[in-house]
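Colleague:
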Amino acid sequence: MVVNEEPKASILIVDDEQSLLDICKEALTEAGFTVHVAHDGPSALRMLSHLPGLDLVISDLRMPTMSGLELLKKLKDGHSEADFLIMTGFGSIETAVESIRLGAADYLPKPFNISHLLLKVERILQIRRNREDRKKLTNIVRVLNLSQAMNTKLDMKSLTNEFLSQVQKNFNPDGVVLFLQDNEGLQSKAMRGSLLRNNPQLGTWVKLLGERVFRQQLPELILLSKKGPPQLSTEGPPPDASITSIMAAAMPTRMKSVGSIVLLRNTDKPDFTREHSQLLNVFAAHTASAFENARLYGQLWDMNLEVIRSFAQAVEAKDVYTRGHSERVAIYATHLGNRLGLSKEDLHLLYTGGILHDIGKIGIPDVILNKPSKLTTEEFTVMQRHPELGRAILNQVTSFGNILPIIFYHHERVDGTGYPMGLQQEEIPFLARILSVVDSFEAMTSDRAYRKALPMNVVRDILQEGAGQQWQDDLVKIWLEEAEKPDFKNLRQVNVTGHVEFQDVVDA
Ligand SMILES: [Fe+2]
2 MVVNEEPKAS ILIVDDEQSL LDICKEALTE AGFTVHVAHD GPSALRMLSH
52 LPGLDLVISD LRMPTMSGLE LLKKLKDGHS EADFLIMTGF GSIETAVESI
102 RLGAADYLPK PFNISHLLLK VERILQIRRN REDRKKLTNI VRVLNLSQAM
152 NTKLDMKSLT NEFLSQVQKN FNPDGVVLFL QDNEGLQSKA MRGSLLRNNP
202 QLGTWVKLLG ERVFRQQLPE LILLSKKGPP QLSTEGPPPD ASITSIMAAA
252 MPTRMKSVGS IVLLRNTDKP DFTREHSQLL NVFAAHTASA FENARLYGQL
302 WDMNLEVIRS FAQAVEAKDV YTRGHSERVA IYATHLGNRL GLSKEDLHLL
352 YTGGILHDIG KIGIPDVILN KPSKLTTEEF TVMQRHPELG RAILNQVTSF
402 GNILPIIFYH HERVDGTGYP MGLQQEEIPF LARILSVVDS FEAMTSDRAY
452 RKALPMNVVR DILQEGAGQQ WQDDLVKIWL EEAEKPDFKN LRQVNVTGHV
502 EFQDVVDA
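The numbering used here puts the first residue of the sequence shown at 2, with every later residue one more than the last.
(1) Under 7 Å: does the beta carbon of D488 sit that close to some heavy atom of ligand 1?
(2) Determine the extent of the alpha helix (DSSP H) in which A484 is found, giving its start and end residues.
(3) Quick one: does the C-beta of D440 sit closer than 7 Å to a heavy atom of ligand 2?
(4) Does the stretch 288-297 come within contact of the stretch 210-223, defined as at least 3 CB pairs closer than 8 Å?
(5) Which whole-angstrom value describes the C-beta separation of G54 and F85, a residue pair presumed to lie in contact below a C-beta threshold of 8 Å?
(6) Which residue wins for smallest C-alpha separation from L179, given the options R102, V259 and S195?
(7) Quick one: is the Cβ of D359 within less than 7 Å of any heavy atom of ligand 1?
(8) To which residues does DSSP link V15 through a beta bridge?
(9) With 16 other CB atoms within 10 Å as the buried threshold, where does V3 fall?
(10) Roughly how many whole angstroms lie between the Cα atoms of G469 and K478?
(11) For ligand 1, is there any heavy atom lying closer than 7 Å to the beta carbon of H326?
(12) For my contact list, D440 and H358 are in at a C-beta cut-off of 8 Å; report their separation, rounded to the angstrom.
(13) State yes or no: is the C-beta of L196 within less than 8 Å of the C-beta of N114?
(14) What's the gap between the Cα of I14 and the Cα of V283?
(15) Can you name, in chain order, every residue of its own chain whose Cβ lies under 7 Å from the Cβ of F215, other than the five neighbours on each side?
(16) With distance defined between alpha-carbon atoms, name the residue in H51, M88, A83 and T382 nearest to R132.
(17) Please state whether DSSP places T254 in a helix, a strand or coil.
(18) Between the Cα of L72 and the Cα atoms of D41, H326 and H412, which residue gives the shortest distance?
(19) So for I429, helix, strand or coil by DSSP?
(20) Here's the rule: buried if 16 or more other CB atoms are within 10 angstroms of the residue's CB, otherwise exposed. What is A313?
(21) Just curious, the beta strand (DSSP E) that P201 is in, first and last residue?
(22) Going by alpha carbons, who is nearest to L265 out of A393, D175 and D488?
(23) Pop quiz: K375 and K319 are said to be a contact at Cβ under 8 Å. What is the actual Cβ separation, rounded to whole angstroms?
(24) Under 8 Å, do S11 and T30 count as touching if we go by C-beta distance?
(25) Return the CA-CA distance between E413 and P421, expressed in angstroms with no decimal places.
(26) Which value, in whole angstroms, describes the spacing of the CA atoms of D156 and E346?
(27) Check this for me: beta carbons of I369 and M384, under 8 Å apart or not?
(28) Under the rule that 16 or more other beta-carbon atoms within 10 Å means buried, what is V168, buried or exposed?
(29) Measuring only the C-alpha atoms, how far is G402 from P430?
(30) What is the DSSP secondary structure of L281, reduced to helix, strand or coil?
(31) Regarding H1 and ligand 1, is the C-beta to nearest heavy atom distance less than 7 Å?
(32) So, F442 versus V460, is the Cβ gap smaller than 8 Å?
(33) So S81 and L109 are in contact, right, with Cβ under 8 Å, and what is the actual spacing, rounded?
(34) Reducing DSSP to helix, strand and coil, say where V501 ends up.
(35) Does DSSP put P406 in a helix, in a strand, or in coil?
(36) Which value, in whole angstroms, describes the spacing of the CA atoms of L126 and F292?
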């Protein structure tokens with residue numbers, strides 16, 4: 002039976018006294034450790050960059066050129082994550098306390114016997130292993146929570162930004178490239194880090210690596226500072242000598258692979274470790290489904306937009322006086338939602354709901370719909386059926402499920418005298434309350450069959466008077482603030498053939 006043993010710890014001993022170095026090295030090597038030696042602080046520091054997996058530094062306190070305490074300080078300043086054991090020949094208790102305060106794991110007074118050294122080393126390494134196990138667990142839990150949070154994002158742009166900022170926060174790379182698969186193959190979807198911006202050849206190199214990882218579905222960790230040539234197959238080394246470590250992971254879902262991600266670090270930072278690579282792999286696998294969902298959602302949205310537009314045009318073909326109304330209501334509603342800080346998903350609902358809010362008018366007789374004078378009570382009762390008719394029409398389309406409340410409740414009033422249900426205040430769905438404000442505003446600021454557009458000061462008075470009765474008062478206040486901004490007129494410049502895209506509205 003083959004047993005996979007844990008790799009034995011790697012230790013660096015620093016002492017200017019050759020005989021002590023020899024004794025310690027022999028004993029520790031015999032105990033199964035991988036042992037490196039340095040004769041002074043500066044050469045120890047130089048060695049550190051070639052020993053990324055180092056677990057422990059055992060250093061003498063008093064040495065020429067750099068003391069053990071100085072070496073310890075440098076280590077803790079980011080040169081290494083190894084633990085530190087200090088040997089002190091003339092050690093007063095103060096020096097020992099100082100070394101512990103600076104972050105040493107323990108100290109060993111000289112002279113010592115070897116069994117004492119081994120005991121200390123084993124104890125420090127045991128504590129280190131426990132600490133790392135805990136850290137690993139915390140990291141994995143954190144990464145899983147992150148990917149969980151990402152699964153709630155359906156908009157590709159914000160998902161990509163969130164993904165990249167999480168990668169940045171958790172792996173601290175100097176360069177990141179995210180590749181996603183589309184109809185034309187694997188494409189570089191996002192890139193961060195000046196390393197890549199300034200070196201197009203490096204971009205090509207990274208793309209080859211991203212493609213290989215995507216194809217083979219195997220993560221890679223490439224350490225260029227390590228001895229021996231790295232496994233780079235056809236790519237050769239990266240065309241940037243400052244890069245010291247690279248890791249890449251594929252992004253598989255149950256059905257297919259959606260892409261891959263490549264991270265780079267340069268000489269300023271310690272190399273990526275095996276643990277980093279494992280974490281990236283878990284993270285990439287868990288976020289892959291979020292990217293797939295966002296892609297499908299985007300596809301569905303594009304498809305729906307066509308259907309939505311044709312529906313809206315059908316209404317406007319009948320109701321000649323409201324041409325452009327729905328599109329403007331959609332844009333206003335999205336604008337107000339944006340101002341309120343609503344999610345992209347809610348903004349999508351407002352946009353779609355805005356375009357389709359009067360879809361039920363398809364079922365209202367033309368004579369009522371296009372009557373140039375005031376409606377009679379009976380006619381008005383018929384007209385009041387349009388929210389219900391709208392809901393009935395859209396109910397047949399599964400993907401419109403979320404906008405039905407907007408359609409059905411857009412004529413409710415917060416004082417409970419609206420229709421069709423007479424709901425009050427918070428009983429009315431929030432998005433419907435938003436739509437109600439901008440729907441009325443748009444109607445008043447546009448020409449109608451029986452009247453010209455009302456001037457802004459009249460519209461303001463009507464809205465303010467109805468605040469708290471017809472409309473939610475703070476929504477009126479915020480909307481008026483927006484509508485009175487000088488650049489608001491840009492929002493009104495809507496091409497009634499429906500050429501304004503949702504993205505233009507959200508990004509405006
Ligand atoms: Fe309506």
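Backbone N, C-alpha and C define an ideal beta-carbon position, used for all residues, glycine too.
Modeller: From the atom records:
(1) Residue 488 sits at position 487 when you count from the first residue of the sequence shown. D488 Cβ: outside cutoff for every heavy atom of ligand 1.
(2) Mapped onto the sequence shown, residue 484 falls at position 483. A484 -> alpha helix (DSSP H) spans D474 to A484.
(3) This structure does not include ligand 2; its bound ligands are ligand 1.
(4) no
(5) Position 53 of the sequence shown, counted from the start, is the residue given in the question as residue 54. Position 84 of the sequence shown, counted from the start, is the residue given in the question as residue 85. About 16 Å; that fails the 8 Å criterion.
(6) Position 178 of the sequence shown, counting from 1, holds the residue named residue 179. The option with the nearest alpha carbon to L179 is V259.
(7) Position 358 of the sequence shown, counted from the start, is the residue given in the question as residue 359. Yes.
(8) Indexing the sequence shown from 1 puts residue 15 at position 14. Answer is A39 and S60.
(9) Counting from 1 along the sequence shown, the entry for residue 3 is found at position 2. Model confidence at V3 stands at a pLDDT of 34, short of 50, so the residue's coordinates are unreliable; what they give is reported in the following sentence. Its Cβ having fewer than 16 others within 10 Å, V3 is exposed.
(10) Residue numbering aside, residue 469 sits at position 468 when the sequence shown is read from its first letter. Residue numbering aside, residue 478 sits at position 477 when the sequence shown is read from its first letter. Their Cα atoms are separated by approximately 11 Å.
(11) By one-based count along the sequence shown, residue 326 stands at place 325. Checking the Cβ of H326 against ligand 1 gives no.
(12) Translated into the one-based positions of the sequence shown, residue 440 becomes position 439. Translated into the one-based positions of the sequence shown, residue 358 becomes position 357. With a Cβ gap of about 6 Å, D440 and H358 count as contacting.
(13) Residue mapping note: residue 196 aligns to position 195 of the sequence shown, counting from 1. Residue mapping note: residue 114 aligns to position 113 of the sequence shown, counting from 1. The answer is no: Cβ separation not under 8 Å.
(14) By 1-based counting over the sequence shown, the position of residue 14 is 13. By 1-based counting over the sequence shown, the position of residue 283 is 282. Their Cα atoms are separated by approximately 35 Å.
(15) Looking up residue 215 in the sequence shown gives position 214. If we look at F215 and ignore the five residues flanking it on each side, its Cβ neighbours are F180, L187, A251, S258, G260 and S261.
(16) For this step, residue 132 is matched to residue 131 along the sequence shown. Closest option to R132, Cα to Cα, is A83.
(17) Here residue 254 corresponds to residue number 253 of the sequence shown, with the count starting at 1. Of the three classes helix, strand and coil, the one that applies to T254 here is coil, per DSSP.
(18) In the sequence shown, the residue the question calls residue 72 occupies position 71. That would be D41, whose Cα lies nearest to the Cα of L72.
(19) For the purposes of this step, residue 429 is taken as the residue at position 428 of the sequence shown. Residue state, collapsed to three classes: coil.
(20) Residue 313 sits at position 312 when you count from the first residue of the sequence shown. Buried, because 16 or more other Cβ atoms sit within 10 Å of the Cβ of A313.
(21) Your numbering for residue 201 matches position 200 in the sequence shown. Run containing P201: none in the beta strand (DSSP E); it sits in the alpha helix (DSSP H), P201 to Q217.
(22) Start at 1 with the first residue of the sequence shown, and residue 265 comes out as number 264. Nearest of A393, D175 and D488 to L265, Cα basis: D175.
(23) Position 374 of the sequence shown, counted from the first residue, corresponds to residue 375. Position 318 of the sequence shown, counted from the first residue, corresponds to residue 319. No, K375 and K319 are not in contact; Cβ-Cβ is about 20 Å, not under 8 Å.
(24) Counting from one through the sequence shown, the residue named residue 11 turns up at place 10. Counting from one through the sequence shown, the residue named residue 30 turns up at place 29. Result no, Cβ atoms of S11 and T30 do not sit closer than 8 Å.
(25) Here residue 413 refers to the residue found at position 412 when the sequence shown is read from its first residue. Here residue 421 refers to the residue found at position 420 when the sequence shown is read from its first residue. Cα-Cα distance, rounded: 7 Å.
(26) Counting from 1 along the sequence shown, the entry for residue 156 is found at position 155. Counting from 1 along the sequence shown, the entry for residue 346 is found at position 345. Straight-line Cα distance between these residues: approximately 7 Å.
(27) Here residue 369 refers to the residue found at position 368 when the sequence shown is read from its first residue. Here residue 384 refers to the residue found at position 383 when the sequence shown is read from its first residue. A contact, by the Cβ cut-off of 8 Å.
(28) Here residue 168 refers to the residue found at position 167 when the sequence shown is read from its first residue. V168 should be labelled buried.
(29) Locating residue 402 in the sequence shown gives position 401, where the first residue counts as 1. Locating residue 430 in the sequence shown gives position 429, where the first residue counts as 1. Cα to Cα, the separation comes out at about 14 Å.
(30) Translated into positions along the sequence shown, residue 281 becomes position 280. Residue state, collapsed to three classes: helix.
(31) The first residue shown for the chain is 2 and the last is 509, placing residue 1 beyond what the model contains.
(32) Looking up residue 442 in the sequence shown gives position 441. Looking up residue 460 in the sequence shown gives position 459. In contact: F442 and V460 (Cβ atoms closer than 8 Å).
(33) Counting from 1 along the sequence shown, the entry for residue 81 is found at position 80. Counting from 1 along the sequence shown, the entry for residue 109 is found at position 108. Actually they do not touch by this definition, with Cβ atoms about 19 Å apart.
(34) Within the sequence shown, the letter at position 500 stands for residue 501. The pLDDT assigned to V501 is 48, lower than 50, so where the model puts this residue is not dependable, and the model offers no usable value.
(35) Within the sequence shown, the letter at position 405 stands for residue 406. Looking at P406 - three-state DSSP - the assignment turns out to be helix.
(36) Working through the sequence shown from its first residue, we reach residue 126 at position 125. Working through the sequence shown from its first residue, we reach residue 292 at position 291. C-alpha separation (whole angstroms): 41 Å.
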